[in-house]
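Peer 1: Residue numbers (this note's numbering): 48 to 159.
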Amino acid sequence: VPSIGLAVCGDALYNDVHLHLGESNAEGRNEWIAALDTIESLKSVAAIAGHKRPGAPDTPDNIEATRKYIRDFDRIVSQTKTALELYNEMLAIYPERVNPAVLWYSAQAVKR
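(1) Which value, in whole angstroms, describes the spacing of the CA atoms of alanine 156 and leucine 89?
(2) Please list, in chain order, all residues of the same chain as glutamate 87 whose beta carbon is under 6 Å from its beta carbon, the five residues on each side excluded.
(3) Buried or exposed for arginine 114, going by 16 or more other Cβ atoms inside 10 Å?
(4) May I ask you to report which of helix, strand or coil DSSP gives aspartate 84?
(5) Considering just the uninterrupted stretch of the beta strand (DSSP E) at isoleucine 140, what are its terminal residues?
(6) Any idea if arginine 122 is buried or exposed, counting beta-carbon neighbours within 10 angstroms, 16 or more meaning buried?
(7) Does valine 64 come out as helix, strand or coil in the three-state DSSP assignment?
(8) Does the distance from the C-beta atom of isoleucine 95 to that of alanine 54 stay below 8 Å?
Here you go:
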């Protein structure tokens, strides 16, 4: 809603929740980052995530946080051999994010 500086981002944006990356490959994750770049170009004052920690602020900072998470995930995928290693490395970086079960699912899916 450009007239009020609001971006309603749906599943493209996460707010302090582990991302569901288990159904995407590296190309899909790059496309996700491109979508985040497009959202960021709107220069909204608020960005509503499709998945968020209850009570977390709906700031545009979540765009970069989501993009960073995807990049960290891709980097760690290439540095680990097992789902457990990937899961533990991501948890070490993002220990406070909500729903670590989805991180475990994602790690298992990409390390099959």
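All C-beta atoms in this analysis are idealised placements derived from N, C-alpha and C, irrespective of residue type, glycine included.
Peer 2: From the atom records:
(1) The residue labelled residue 156 in the question sits at position 109 within the sequence shown. The residue labelled residue 89 in the question sits at position 42 within the sequence shown. Approximately 33 Å between the Cα atoms of the pair.
(2) If you number the sequence shown from 1, residue 87 lands on position 40. Take glutamate 87, set aside five residues on each side of it, and the residues of its chain with a beta-carbon closer than 6 Å to its own are Ile110, in chain order.
(3) Here residue 114 is taken as the residue at index 67 of the sequence shown, counted from 1. The Cβ neighbour count for arginine 114, taken over all protein chains shown within 10 Å, is at least 16; the residue is labelled buried.
(4) In the sequence shown, the residue the question calls residue 84 occupies position 37. Aspartate 84: helix per DSSP, three-state reduction.
(5) Start at 1 with the first residue of the sequence shown, and residue 140 comes out as number 93. Where isoleucine 140 is concerned, there is no enclosing beta strand (DSSP E), although the alpha helix (DSSP H) it sits in stretches over 130-140.
(6) Translated into the one-based positions of the sequence shown, residue 122 becomes position 75. The residue in question, arginine 122, is exposed, as its Cβ has fewer than 16 Cβ neighbours within 10 Å.
(7) Within the sequence shown, the letter at position 17 stands for residue 64. Three-state DSSP puts valine 64 in a strand.
(8) The sequence position of residue 95 within the sequence shown is 48, counting from 1. The sequence position of residue 54 within the sequence shown is 7, counting from 1. Yes, the Cβ-Cβ distance between isoleucine 95 and alanine 54 is below 8 Å.
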